[in-house]
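Undergrad:
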Amino acid sequence: NSCSWKFHEYIPSAWETYWFSNIDKFQYEVCSILARSDQVNITIDVLLRIISFQKEIFDTNSQRMSIDNQFSKMHYRGICSNKEYNASQLIEPLVGLIRDPLTMCPHIPSVSSNLYLHGEFALQSKRFLLLAPSSPFQIDPSLTINIASLAPWLYTSGSQKILIDIGSSYFKSRNENTAEIGTKWFYDYFKEKSIRFNRIIAYEYEKLETRRVWDELPDDVYSIYTFINVGVEVEMEKFNPWKMLEAIAKPDDYVVIKLDIDKPPLESALMKQLLGKKNPAKYLIDELFFEKHISDNRKSKEDKLKDSYELFTKLRQYGIRMHG
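The opening position of the sequence shown corresponds to residue 14 in the numbering used here, with each subsequent residue numbered one higher.
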């Protein structure tokens, strides 16, 4: 492949723009807004579309549907044999609480009960996450070279596929909670798509049983797994995750990061650091999973949902497929 691809811009869908432009008001009445008939209809259609996408790696011959217009887009530009080409790839829109819209709120009578999850599986729902390998993409039809199923701006032959799990706990789950997004969930998802990580780095602050850490690993993970039983730090020293990322990754690598350490001040500091003008790490990340801790109390000085929208939008504007 003689093409060189770069991220160009992020374009939110009309649905996302509607939420973002009204978030000052909507952030205090998310559930009532999501329960409106116009929102319910879009939510169900988009959710079912994502669920169908998640089942397999994207087929470039698959048919587009009108509901795809409700998805936001990451746009790219490629230089192939001195000619410029445009491309785009879908991503789930930032709406509601920036997670599965049919969770965290009271059940809506008009929505079929079989569309609802329960307990931890509702709290940890992954149904509204459109990861890049499953995400439809379009490339300028005048470009006649063969395109692999994994979009060329994510991965090129000879590059690495890297997962960094910040707040990993054990490989299988934290406290037997198999509903959460953990290292095993990423491993299973990518293995189902015939994609194998070249390296997995797991950070965990809590002291774990060393033997159990390694016993839980599948045989094909053992040789690529690095376990760091030390909490990450914001200081740009050896336990800073962005410093680690800069040391091991190149721009052509496909990098997936999950940040969930249940320490809001540290998480916020790391995200602020990532956005810093002099931090090149943000240009190395392809997908980032993060849930910002917020408050819906108007009088609270804690961050609000609006801050999450602004953070996620900024990172998507840097080319990161940001997921809540």
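Think of the CB as a built atom: it goes at the ideal place given N, C-alpha and C, for glycine as much as any other residue.
Based on the DSSP secondary-structure assignment, which residues constitute the bridge partners of Asn-190?
TA: According to DSSP, Asn-190 bridges with Arg-187.
Undergrad: From Lys-305 to Leu-107, what distance separates their C-alpha atoms?
TA: Cα to Cα, the separation comes out at about 13 Å.
Undergrad: Assign Cys-118 to one of three DSSP states: helix, strand, or coil.
TA: Cys-118: coil per DSSP, three-state reduction.
Undergrad: Determine the direct distance from the alpha carbon of Arg-49 to that of Ile-214, and round the result to whole angstroms.
TA: If you take the alpha carbons of Ile-214 and Arg-49, they lie about 43 Å apart.
Undergrad: Taking the continuous alpha helix (DSSP H) assigned at Glu-29, which residues delimit it?
TA: 27–34 is the extent of the alpha helix (DSSP H) around Glu-29.
Undergrad: Are Ala-145 and Leu-176 close, meaning C-beta to C-beta below 7 Å?
TA: No.
Undergrad: Tell me the rounded alpha-carbon separation between Gln-76 and Gly-332.
TA: When rounded, the distance between both Cα atoms is 25 Å.
Undergrad: Fully enclosed by the stretch 270–329, which alpha helix (DSSP H) runs are 4 residues long or longer?
TA: 277–288, all fully within the stretch 270–329.
Undergrad: In the structure shown, what three-state DSSP assignment does Gln-151 receive?
TA: Strand.
Undergrad: Can you name, in chain order, every residue of its own chain whose Cβ lies under 6 Å from the Cβ of Glu-315, other than the five neighbours on each side?
TA: Within the same chain, Glu-315 has close Cβ partners Ser-308.
Undergrad: Output yes or no for whether 7 Å exceeds the beta carbon distance between Lys-174 and Asn-211.
TA: The answer is yes: Cβ separation under 7 Å.
Undergrad: Using the rule of at least 16 other Cβ atoms within 10 Å of the residue's Cβ for burial, across every protein chain shown, is Asp-228 buried or exposed?
TA: The residue in question, Asp-228, is exposed, as its Cβ has fewer than 16 Cβ neighbours within 10 Å.
Undergrad: List the DSSP bridge partners of Lys-96.
TA: BP columns for Lys-96 point to Cys-93.
Undergrad: Hey, is the stretch 197–207 in contact with the stretch 238–253, meaning 3+ C-beta pairs nearer than 8 Å?
TA: Not touching, per the Cβ criterion.
Undergrad: May I ask you to list the residues that DSSP assigns as paired with Tyr-202?
TA: The partner list for Tyr-202 (beta bridge, DSSP) is empty, contrary to what the question assumes.
Undergrad: What is the DSSP secondary structure of Phe-71, counted as helix, strand or coil?
TA: Note: Phe-71 maps to coil in three-state DSSP.
Undergrad: The beta strand (DSSP E) that contains Leu-176, what's its start and end?
TA: Taken as a continuous stretch (DSSP letters only), the beta strand (DSSP E) holding Leu-176 covers 174–179.
Undergrad: When you compare only the Cα positions, how much space is there between Gln-67 and Val-268?
TA: Gln-67 and Val-268: Cα-Cα distance of roughly 19 Å.
Undergrad: For the beta strand (DSSP E) that Lys-19 lies in, which residues bound it at each end?
TA: Taken as a continuous stretch (DSSP letters only), the beta strand (DSSP E) holding Lys-19 covers 16–24.
Undergrad: Please determine, among Gln-286, Ser-281 and Pro-114, the residue with the shortest C-alpha to C-alpha distance to Gln-52.
TA: The option with the nearest alpha carbon to Gln-52 is Pro-114.
Undergrad: If you reduce the DSSP assignment to three classes, tell me which class Ile-158 lands in.
TA: It is coil, neither helix nor strand.
Undergrad: When you compare the CB positions of Lys-338 and Ile-158, do they come within less than 7 Å of one another, or not?
TA: Nothing about residue 338 can be reported from this structure: the residues present for the chain run from 14 to 337 only.
Undergrad: Excluding the five sequence neighbours on either side, which residues of its own chain have a C-beta within less than 6 Å of the C-beta of Val-243, listed in chain order?
TA: Result list for Val-243: Phe-252, in chain order.
Undergrad: Can you check DSSP and say which residues form a bridge with Arg-212?
TA: Arg-212 is bridged to Ile-175.
Undergrad: For Ala-27, does the count of other Cβ atoms within 10 angstroms reach 16, so buried, or fall short, so exposed?
TA: Exposed, because fewer than 16 other Cβ atoms sit within 10 Å of the Cβ of Ala-27.
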